[in-house]
Amino acid sequence: MRITRRRIVNLVLVLASIIFTFLAGEIALRFTRFEHTIKRYSFYNYPFPKFYFKSDPVKGYDIRENFNESEAYADRDRTYKIWSNEIGCFDTPAKNIDNYVLLVGDSFTHAYTDFQDKWGTYAESLLGYRILKCGVSGYGTKDELYKAKDIISKVKHPPKLIILGYFINDLQDDYLFPQITIIEGCRVFDRTLDKKTGEIFLRKDLKDEFHLWKKFGLNHYPKNPYFVRIRYFFKKHSIIYNLVRIVFFNAFLNPIELDLSYNDYPWIKNAWEQHFENLREFKKLAESCGARLLVVEIPAKYQVFSDRFDEFKNIAPDKPNRILNNFFQAEGIDFIDLLPYFKKEANADPDNKNFTPKILYWKYDAHWNKTGNHLAGLLVSKYILEKNLLNIDDREKKIANIEQTISTGY
Numbered sequence: 003m004r005i006t007r008r009r010i011v012n013l014v015l016v017l018a019s020i021i022f023t024f025l026a027g028e029i030a031l032r033f034t035r036f037e038h039t040i041k042r043y044s045f046y047n048y049p050f051p052k053f054y055f056k057s058d059p060v061k062g063y064d065i066r067e068n069f070n071e072s073e074a075y076a077d078r079d080r081t082y083k084i085w086s087n088e089i090g091c092f093d094t095p096a097k098n099i100d101n102y103v104l105l106v107g108d109s110f111t112h113a114y115t116d117f118q119d120k121w122g123t124y125a126e127s128l129l130g131y132r133i134l135k136c137g138v139s140g141y142g143t144k145d146e147l148y149k150a151k152d153i154i155s156k157v158k159h160p161p162k163l164i165i166l167g168y169f170i171n172d173l174q175d176d177y178l179f180p181q182i183t184i185i186e187g188c189r190v191f192d193r194t195l196d197k198k199t200g201e202i203f204l205r206k207d208l209k210d211e212f213h214l215w216k217k218f219g220l221n222h223y224p225k226n227p228y229f230v231r232i233r234y235f236f237k238k239h240s241i242i243y244n245l246v247r248i249v250f251f252n253a254f255l256n257p258i259e260l261d262l263s264y265n266d267y268p269w270i271k272n273a274w275e276q277h278f279e280n281l282r283e284f285k286k287l288a289e290s291c292g293a294r295l296l297v298v299e300i301p302a303k304y305q306v307f308s309d310r311f312d313e314f315k316n317i318a319p320d321k322p323n324r325i326l327n328n329f330f331q332a333e334g335i336d337f338i339d340l341l342p343y344f345k346k347e348a349n350a351d352p353d354n355k356n357f358t359p360k361i362l363y364w365k366y367d368a369h370w371n372k373t374g375n376h377l378a379g380l381l382v383s384k385y386i387l388e389k390n391l392l393n394i395d396d397r398e399k400k401i402a403n404i405e406q407t408i409s410t411g412y
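According to the working numbering, the sequence shown is numbered sequentially starting from 3.
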C-alpha cells in the first residue's frame, strides 16, 4: 500500500514538474520573437490585419483607403508593417503625382516583405522615377485591370508606363472572377472549381463556414470536433506546440499541386482565350493612356526549384510561361520572364538546400523574401532602361550600376 501511494506521489510530482517546466517555457517564450507563432492565430484575416480589406461591388474586395500602419505576417513568425494610402495602395501618399509608373499585381507585388524592400519600391529607387505600387493580394489579371482603371481615375493623370506583375495562378483567378468576398472584415473564398470539368460551385452559408473556421481552424465541421478543438486551442495558445510543429513540418518538401495552367483538360482552352482577352484589354488601357504595358512574369517557388519535385518528371516547369511568351510576342506586348534568371541564381548558390536568406523565397512561405524582391527590382529596372520604356536621364550609367549590383550581390 505504501509503495503504491509512493508511486502515486512520485507520478504527481513528475507531472507537476513537467507542467511547471512547460508553463515556465511558455512564459519565457512570450518575450521572444516566437510570440508570433501564437499571435498569428488571432488574425482571422491572416496574414493581414482585420478590416485591411473592404468589400467591392465589382472585384469582390479591395484594400481599404487610409488604413493605419499595422502588423502583417510573412513566413510564419516574421512580421512587417503594412498600411494603405488615400487611394487604397500599400504605398506612400499619392498627392500631386504627374509623371508616374503604375504597378499592379497580386501578393508578390503587394506584400510579404518590408515596404522599403518590395520590388516596386526598389525599382523606383533604381530608376529615379515615381512608381505607384498598387498590388492587391489574391488578385488575378481581371481584378488588376479594374484596379488599374480605378487608380488612374483617382490620380487624374495617365501613367507613363503600366507594369503588370503576373503570376501563374492568374488564369484560374480570372476564370473564377470574382472569387473572394468580405465577411466581418476578413477575406473569404465564395466559390470553388472542379479542375477536371471546369464547373464552378458557389459556396453557400459562408458566415457559418467562417464561424467554424474561428472555432476549429477549418471551414467545415470536423469528424472529431473535440480533438480538433483541443489542437486548435494549442495552436492559438502554445508557443512550444507550434515550434514542435515547425521542426517536424518541412513545408517545402510537401507534395505540390501544380497550377491550373499546367493542365490540358478540354475546357481550359476556352479559359486561356478568356484570359488572353483580359491581357489584351490591359494593352488597350495602356495605349489609351499613351503608355506601354510591361508584363513581369513572376516565377513560382516550385518552378525555380523544380528539380526537387516528382511532379516535374514528365512536365516542363516553364510550360505556362511558354504559352504566355508566345502570346505576348504575337500581341506585341513587352514582357520579361523572370523564371530563367531566378533558376540561374538559385542554382548558383551552393547553400540553396538550406534555404538561407540568399535563396530568394521565404523558407516556409511561397513568396519572395528581401533578396528575391531585390533581384526582381534589378531585372525589371534593367529591362525598362534597355528597352527605353521611360524617358530617364543617365540611362547607360544606371544600367551599368544595376549590372554591377547583380554581379556583386544585392
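Beta carbons are placed, not taken as given, at the ideal position from N, Cα and C, and that holds for glycine.
Treat the numbers as computed from the prediction; the structure is a model and nothing was measured.
Determine the DSSP secondary structure at residue i, reduced to helix, strand or coil.
i, result
"SER72", "strand"
"SER263", "helix"
"TRP370", "strand"
"THR183", "strand"
"TYR114", "coil"
"ASP58", "strand"
"LEU204", "strand"
"GLY167", "strand"
"LEU104", "strand"
"ASP196", "coil"
"VAL190", "strand"
"ASP312", "helix"
"ARG294", "strand"
"HIS376", "helix"
"PHE344", "helix"
"ALA402", "helix"
Measuring CA to CA, which of the options is closest to residue i?
i, options, result
"GLY374", "LYS345, PHE337, LEU387", "LYS345"
"PHE36", "ASP145, LYS216, LEU245", "LEU245"
"SER109", "ASP64, ILE99, GLU275, ILE89", "ASP64"
"LEU163", "ASP100, HIS112, PRO227", "ASP100"
"TYR412", "GLU388, TRP215, LYS384, LEU380", "LEU380"
"LEU208", "ILE184, LYS217, GLU388, ASN12", "ILE184"
"GLY187", "ARG397, SER57, GLN406", "SER57"
How should residue i be labelled, buried or exposed, when 16 other C-beta atoms within 10 angstroms of its C-beta is the threshold for buried?
i, result
"GLN174", "buried"
"ASN87", "buried"
"THR34", "exposed"
"LYS61", "buried"
"THR194", "exposed"
"ALA253", "In this prediction, ALA253 scores a pLDDT of 47, lower than 50, which makes its location untrustworthy; no coordinate-derived value is stated."
With DSSP as the reference, please indicate the residues paired to residue i in a beta bridge.
i, result
"LEU287", "The partner list for LEU287 (beta bridge, DSSP) is empty, contrary to what the question assumes."
"ASP339", "GLU299"
"TYR82", "ALA74"
"LYS135", "LEU105"
"TYR363", "TRP370"
"ASP64", "LYS56"
Would you check if the distance between the CB atom of residue i and the CB atom of residue j is smaller than 9 Å?
i, j, result
"ASP192", "ARG205", "yes"
"LEU377", "LEU362", "yes"
"PHE50", "ALA74", "yes"
"LYS144", "ASP176", "yes"
"ILE300", "THR123", "no"
"ASP320", "ASP339", "yes"
"GLY1", "ASP93", "This structure cannot speak to residue 1, because the chain is shown only from 3 to 412."
"GLU405", "LYS384", "yes"
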